[in-house]
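Engineer:
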Ligand SMILES: Cc1ncc(COP(=O)(O)O)c(C=O)c1O
Ligand SMILES: [Zn+2]
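In my numbering, the protein residues as written are 10 to 417.
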């Protein structure tokens with residue numbers, strides 16, 4: 010595997026560089042396809058090991074199995090797509106597809122010399138990182154969570170994790186603070202979408218589904234925040250196509266809740282970039298995992314691959330998302346979160362508008378389920394005072410130590 014710029018194809022020498030040193034392009038792993046084989050194993054981290062950016066397979070889960078795929082015949086009939094398949098990622102250990110993200114990313118970061126990284130999320134990625142980090146005791150994590158999302162972060166405190174909760178911050182702000190904190194303290198900003206380890210981990214749901222579904226997959230559908238899962242899946246599809254394992258690439262359908270749909274709005278206007286008018290400053294909605302109001306940095310990449318795939322973006326109302334969640338539960342017995350239901354609502358809308366032909370095989374990634382709400386949230390509160398994030402009195406036994414906080 011070589012870490013290579015998608016634009017100028019320059020191989021990167023610096024470990025864990027998010028952008029090309031020459032042209033600033035996105036860094037993606039490139040595998041030597043002549044030596045890739047798909048192993049005979051029920052463990053996806055073994056079966057697809059040649060397509061993962063990790064050398065030492067003992068760093069990856071050794072007891073994982075494929076998540077189930079169901080041919081949702083009843084729901085498919087209702088939506089007008091009889092070949093509807095649902096990938097049930099809710100059964101993963103942390104309840105979401107982000108388990109795969111953390112499993113691969115932690116190993117990737119470790120192998121690339123990272124010791125202490127800083128990140129933020131709307132809950133599920135942070136939970137997965139925090140729950141899996143004990144597998145690699147040499148790694149440390151500083152986690153930043155906007156206060157509205159604090160009940161979505163679940164972990165038992167350990168010395169490997171510092172958790173900061175930001176009063177009155179949006180998710181995008183918390184992500185920026187994580188980056189600045191890393192810079193001020195000599196740690197690694199984790200960079201979300203721009204961390205290849207994340208995207209590569211997330212492609213596993215699609216790779217598995219290819220082996221589980223009898224027909225070639227025409228559509229890959231997901232609820233998106235930065236859409237790193239869709240990006241990773243499309244990379245995985247290109248790899249399988251090169252291997253001759255699939256006959257063609259899927260169309261991509263990226264779905265958002267219409268109260269926070271910056272990518273869909275930019276797409277509908279055929280805008281090459283996210284403009285100020287597309288950004289949602291204080292995102293609200295029931296699809297909490299995907300409330301990213303400002304995807305400016307990732308959108309041009311996503312627009313590129315959605316166009317390449319002859320795919321689409323779709324936005325769904327709260328009412329449609331609620332209906333989709335109810336239907337998945339009633340017809341297929343799977344209890345999903347509203348972010349996962351957004352993808353099902355997207356299929357409902359696209360099929361109704363005849364944008365997905367009835368004969369197509371559609372794969373929806375049911376990315377997660379709701380988590381139980383924790384009564385106790387472990388973390389150090391920070392409050393923005395005169396442009397600086399400062400520690401607040403807290404009941405948590407963990408203190409902020411002597412770290413430098415980010416100036417905003
Ligand atoms: C349940 C769930 N669905 C969808 C997404 C969106 O995934 P992505 O980050 O690939 O856009 C997330 C992201 O946190 C999530 O937790
Ligand atoms: Zn480049």
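Every residue, glycine too, gets a C-beta built ideally from N, C-alpha and C.
This structure is a prediction, so every number in the text was calculated from the model and none was measured.
1. Is residue 34 near ligand 2, judged by its Cβ being under 7 Å from some heavy atom?
2. My output table needs one value for residue 377: the three-state DSSP class, helix, strand or coil.
3. I'd like to check one pair, residue 236 with residue 307: are the Cβ atoms closer than 8 Å?
4. Taking only the alpha-carbon atoms, compute the straight-line gap between residue 366 and residue 87 and give it to the nearest angstrom.
5. How many whole angstroms separate the CB atoms of residue 199 and residue 241, which I take to be in contact at a CB cut-off of 8 Å?
6. Alpha carbon to alpha carbon, what distance is there between residue 272 and residue 283?
7. Quick one: using the 10 Å Cβ neighbour count with 16 as the cut-off for buried, is residue 398 buried or exposed?
8. Beta carbon of residue 269, beta carbon of residue 352: below 8 Å?
9. Just to confirm before moving on: does the CB-CB distance between residue 358 and residue 325 stay below 8 Å?
10. According to DSSP, what are the bridge partners of residue 323?
11. Hey, would you say the C-beta of residue 207 is under 7 Å away from at least one heavy atom of ligand 2?
12. If you compare alpha carbons, which of 111, 175, 203 is closest to residue 36?
13. Hey, quick one: how far does the alpha helix (DSSP H) through residue 342 stretch, first residue to last?
14. Run the CB neighbour count on residue 362, radius 10 Å, all protein chains shown included, and call it buried at 16 or more, exposed below.
15. First and last residue of the beta strand (DSSP E) that includes residue 308?
16. Pairs of beta-carbons, one from the region 174-183 and one from the region 338-346, closer than 8 Å: are there three or more?
17. Specify, as a first and last residue, the run of the alpha helix (DSSP H) that residue 82 falls within.
18. Where residue 172 and residue 185 are concerned, what is the direct C-alpha to C-alpha distance, given to the nearest angstrom?
19. In this structure, how does DSSP classify residue 119 when only helix, strand and coil are distinguished?
20. For a quick check, are the C-beta atoms of residue 61 and residue 248 less than 8 Å apart?
21. Taking just the CA atoms, how far does residue 165 sit from residue 229?
22. Cβ of residue 11 within 7 Å of any heavy atom in ligand 2?
23. Following the continuous alpha helix (DSSP H) through residue 139, name the residue where it begins and the one where it ends.
24. How about residue 31: is its Cβ closer than 7 Å to a heavy atom in ligand 2?
25. May I have the straight-line CA-CA distance separating residue 194 from residue 239, to the nearest angstrom?
26. In the structure shown, what three-state DSSP assignment does residue 287 receive?
27. For residue 378 and residue 218, what's the separation of their Cα atoms in angstroms?
28. Mark residue 135 as exposed unless 16 or more other C-beta atoms lie within 10 angstroms of its C-beta, in which case mark it buried.
29. Looking only at C-alpha atoms, which of 373, 382, 394, 393 sits nearest to residue 90?
30. Measuring only from the beta carbon, is residue 14 closer than 7 Å to any heavy atom that is part of ligand 2?
31. Which ranges would you report for the beta strand (DSSP E) in the region 123-193 if only whole runs of at least 3 residues count?
32. Going along the chain, which residues of its own chain have a beta-carbon closer than 7 Å to the beta-carbon of residue 330, five neighbours each way excluded?
33. Return the first residue and the last residue of the beta strand (DSSP E) that residue 93 is part of.
34. Give the secondary structure of residue 28 by DSSP, where H, G and I count as helix, E and B as strand, and everything else as coil.
35. DSSP three-state call for residue 295: helix, strand or coil?
Structural biologist: If we stick to the structure as given:
1. yes
2. strand
3. yes
4. 14 Å
5. Going by Cβ atoms, the distance from residue 199 to residue 241 rounds to 16 Å, so no, they are not a contact pair.
6. 7 Å
7. buried
8. no
9. yes
10. 264
11. no
12. 203
13. Segment: none, residue 342 is in no alpha helix (DSSP H) and carries neither H nor E.
14. exposed
15. That residue, residue 308, is in no beta strand (DSSP E); its alpha helix (DSSP H) goes 308-317.
16. no
17. 82-88
18. 15 Å
19. helix
20. no
21. 35 Å
22. no
23. 133-141
24. yes
25. 32 Å
26. helix
27. 19 Å
28. buried
29. 373
30. yes
31. 125-129, 149-155, 170-175
32. 266, 295, 296, 347, 350, 351, 354
33. 93-97
34. strand
35. coil
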